[in-house]
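S.K.: This structure is in structure tokens; I'll ask about it shortly.
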Amino acid sequence: MPSLVIVGAQWGDEAKGKIVDVLGNQAELVVRYSGGNNAGHTVITGGKTYKFHLLPAGILHPGSVSIIGGGMAVCPKSLIEELERTQELAGHELGELVISPAAHVVFPYHRALDALEETARGDNKIGTTSRGIGPMYTDKVQRMGIRMGEFVQPERFADRLKQVLEFKNRLMELLGGEPMSFDEIYSEYSAYADKIRHLVSDSEARTQRSIRKDDKVLFEGAQGAFLDLDHGTYPYVTSSHPTAGGACLGTGIGPRDIDNVLGVCKAYNTRVGEGPFPTELDNEIGHQIREQGHEYGTTTGRPRRCGWLDLVALRHAARINSLSGLVITRLDVMQNIPEIQVATDYLVDGKSLGHMPYTLEEWDQVEAVFETMPGWSEDISCAKSWDDLPETVQNYVQFIEKFTDTPAAILSIGPDRDQTIILRPELIWG
Ligand code: IMP
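Take a look at the structure:
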């Protein structure tokens, strides 16, 4: 039963897309389980750069099946554009795409409400990607969402949209927005439904069948552990469950169907949007990391906040995701930083906390405690194996493994598929 979950072990943007692309090659099924087009996964292969937001990164492999799971938030307009763009750029047949009937649909009123709610929050804004994700998941919890299974049935869709839009228009007016027209949304979105109807089918049963058949199934996470609605730095989080548990909720499998969980982390930390970030570097080194790592959002283009690797957070991510192994990415970006720091504890009121806090009050007081390690000046982007890496890099990786009590399975030393060092294959498919 080789099934593998790939999760972000930080605040998103850990280069999961590249890892899913590399391993997706070996999988029969790639299933994305949460989030929507707030995510941005960059895959560089064959001299081409693909930017995925909704499509599982496994789509590039003909012969494989990519599933948009029931836990996802799907903007049909973006999905159709992304499919067409990917098809054109690839210039070859893509993998089969299946959309779960349980996935929720993002509509224009969700995007409008995202902006109105952010404005209403004033100084407490979250810094969302403004893709309507929060308002869509709010509808889901409020049992008001429109799911793919209904969206592709014209009469049912009309009924549901009428009912929901009446409510949403009142809400938008209350927040100072303009009401939206049923006819306009219905006619535009019916055309999208026509284009994707043939892709909607029972992905849960298909995933379960694959698991029973011992196919290789890869569950692709989006965002990262600390953007998780429950385990993240609430309320500065997204509205879904990027953690490994989300792979069960968002696809129709159970916890015992998962064999391995790989947590992808950068060799440093980044975050976009507001919220706590104890190792943030608002200085020259932060700037150097941002420029060397091209740390600008794939989805919004916003400059990412950069900082030292936070091992207190990473160890917590290892626990809440029950990680089998780590995938440490972007080690190449740390070149030419003479001394590297890593956070090994948090202080609150001068006392060691030893773990991540769960309240904003505590977050406000957290001061990170750092250990300093020597950096490296060598270009490691062509290394093919562990032995090709300078001792300073090896020591850095071993320090991370020891502190988090989690072995490194894969190292990534550049954006290309080939710039990947598999250290422990047994942690991947078992
Ligand atoms: P939302 O998901 O658009 O509601 O945004 C909520 C928070 O999650 C904001 O801080 C976003 O910047 C952050 N966020 C959402 N998706 C991603 C992602 O894929 N990478 C990094 N941050 C993200």
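Using the numbering used here, the first residue of the sequence shown is number 595, and each one after it goes up by one. Backbone N, C-alpha and C define an ideal beta-carbon position, used for all residues, glycine too.
Can you name the start and end residues of the beta strand (DSSP E) that residue 598 belongs to?
M.R.: Position 4 of the sequence shown, counted from the start, is the residue given in the question as residue 598. Per DSSP, residue 598 belongs to the beta strand (DSSP E) from 597-602.
S.K.: Quick check on the DSSP output: what are the complete alpha helix (DSSP H) runs of length 4 or more inside the stretch 613-646, in order along the chain?
M.R.: Those alpha helix (DSSP H) runs which fall completely within the stretch 613-646 and span 4+ residues do not exist here.
S.K.: For residue 967, list the residues DSSP reports as bridge partners.
M.R.: Indexing the sequence shown from 1 puts residue 967 at position 373. Answer is 934.
S.K.: Closer than 8 Å: is that where the CB of residue 821 sits relative to any heavy atom of ligand 1?
M.R.: Sequence index remark: in the sequence shown, residue 821 carries index 227 (1-based). Yes, the Cβ of residue 821 comes within 8 Å of a heavy atom of ligand 1.
S.K.: Near ligand 1, which residues have their beta-carbon less than 5 Å from any of its heavy atoms, given in chain order?
M.R.: In chain order, the qualifying residues are 606, 607, 632, 633, 721, 722, 723, 727, 728, 817, 821, 832, 866, 867.
S.K.: So who's on the other strand from residue 1036, going by DSSP bridges?
M.R.: With the chain covering only 595 through 1024, there is no way to say anything about residue 1036.
S.K.: Just reading off the alpha helix (DSSP H) that residue 749 is part of, what are its end residues?
M.R.: The residue you call residue 749 lines up with position 155 of the sequence shown. Unbroken alpha helix (DSSP H) run through residue 749: 748-768.
S.K.: Can you name, in chain order, every residue of its own chain whose Cβ lies under 7 Å from the Cβ of residue 608, other than the five neighbours on each side?
M.R.: Counted from its first residue, the sequence shown places residue 608 at position 14. Taken in chain order, the residues that qualify are 602, 818, 858, 859, 860, 923.
S.K.: Which residue or residues does DSSP assign as beta-bridge partners of residue 858?
M.R.: The residue labelled residue 858 in the question sits at position 264 within the sequence shown. Looking at the DSSP assignment, residue 858 forms a beta bridge with 602, 921.
S.K.: What did DSSP end up calling residue 1022 once you bin it into helix, strand or coil?
M.R.: Translated into positions along the sequence shown, residue 1022 becomes position 428. Coil, per DSSP.
S.K.: Can you tell me whether residue 925 is buried or exposed? The criterion is at least 16 other CB atoms within 10 Å of its CB, across all chains shown.
M.R.: Here residue 925 refers to the residue found at position 331 of the sequence shown. Buried, because 16 or more other Cβ atoms sit within 10 Å of the Cβ of residue 925.
S.K.: Taking Cβ to Cβ, would you say residue 731 is nearer than 9 Å to residue 816?
M.R.: Along the sequence shown, one-based indexing puts residue 731 at 137. Along the sequence shown, one-based indexing puts residue 816 at 222. No, the pair does not count as a contact, with Cβ atoms beyond the cut-off.
S.K.: Which term fits residue 952, buried or exposed, when burial requires 16 or more other beta carbons within 10 angstroms of its beta carbon?
M.R.: The sequence position of residue 952 within the sequence shown is 358, counting from 1. Label assigned to residue 952: exposed.
S.K.: Alpha carbon to alpha carbon, how far is residue 798 from residue 771?
M.R.: Within the sequence shown, residue 798 is the residue found at index 204, counting from 1. Within the sequence shown, residue 771 is the residue found at index 177, counting from 1. If I take the Cα positions, the gap works out to 38 Å.
S.K.: Just the Cα atoms here: how many angstroms apart are residue 619 and residue 891?
M.R.: In the sequence shown, counting from the first residue as 1, residue 619 sits at position 25. In the sequence shown, counting from the first residue as 1, residue 891 sits at position 297. The alpha-carbon atoms of residue 619 and residue 891 are separated by roughly 26 Å.
S.K.: Within the chosen definition, does the stretch 806-815 reach the stretch 620-640 through at least 3 CB pairs nearer than 8 Å?
M.R.: Contact between the stretch 806-815 and the stretch 620-640 is present, because at least three Cβ pairs lie under 8 Å.
S.K.: Could you check if residue 945 is buried or exposed, using at least 16 other CB atoms within 10 Å of its CB as the buried criterion?
M.R.: Against the sequence shown, residue 945 aligns to sequence position 351. By the neighbour-count rule (16 or more Cβ atoms within 10 Å), residue 945 is not buried but exposed.
S.K.: Check the C-beta distance from residue 900 over to residue 883 and give it rounded, since I have them as a contact under 8 Å.
M.R.: Mapped onto the sequence shown, residue 900 falls at position 306. Mapped onto the sequence shown, residue 883 falls at position 289. Sure, about 4 Å apart at Cβ, within 8 Å.
S.K.: List the DSSP bridge partners of residue 901.
M.R.: The count along the sequence shown starts at 1 and reaches residue 901 at position 307. Residue 901 pairs with 863, 874.
S.K.: Taking residue 974 and residue 983 to be in contact with their CB atoms under 8 Å, please state how far apart those CB atoms are, rounded to whole angstroms.
M.R.: Position 380 of the sequence shown, counted from the start, is the residue given in the question as residue 974. Position 389 of the sequence shown, counted from the start, is the residue given in the question as residue 983. 6 Å between Cβ atoms; contact.
S.K.: Is the stretch 868-875 in contact with the stretch 759-767, if contact means three or more CB pairs nearer than 8 Å?
M.R.: Too few Cβ pairs lie closer than 8 Å, so no.
S.K.: Near residue 927, which residues of its chain fall below 6 Å by C-beta distance, leaving aside the five closest residues on each side in sequence?
M.R.: Sequence index remark: in the sequence shown, residue 927 carries index 333 (1-based). Taken in chain order, the residues that qualify are 886, 887.
S.K.: Measuring only the C-alpha atoms, how far is residue 940 from residue 907?
M.R.: Within the sequence shown, residue 940 is the residue found at index 346, counting from 1. Within the sequence shown, residue 907 is the residue found at index 313, counting from 1. If you take the alpha carbons of residue 940 and residue 907, they lie about 10 Å apart.
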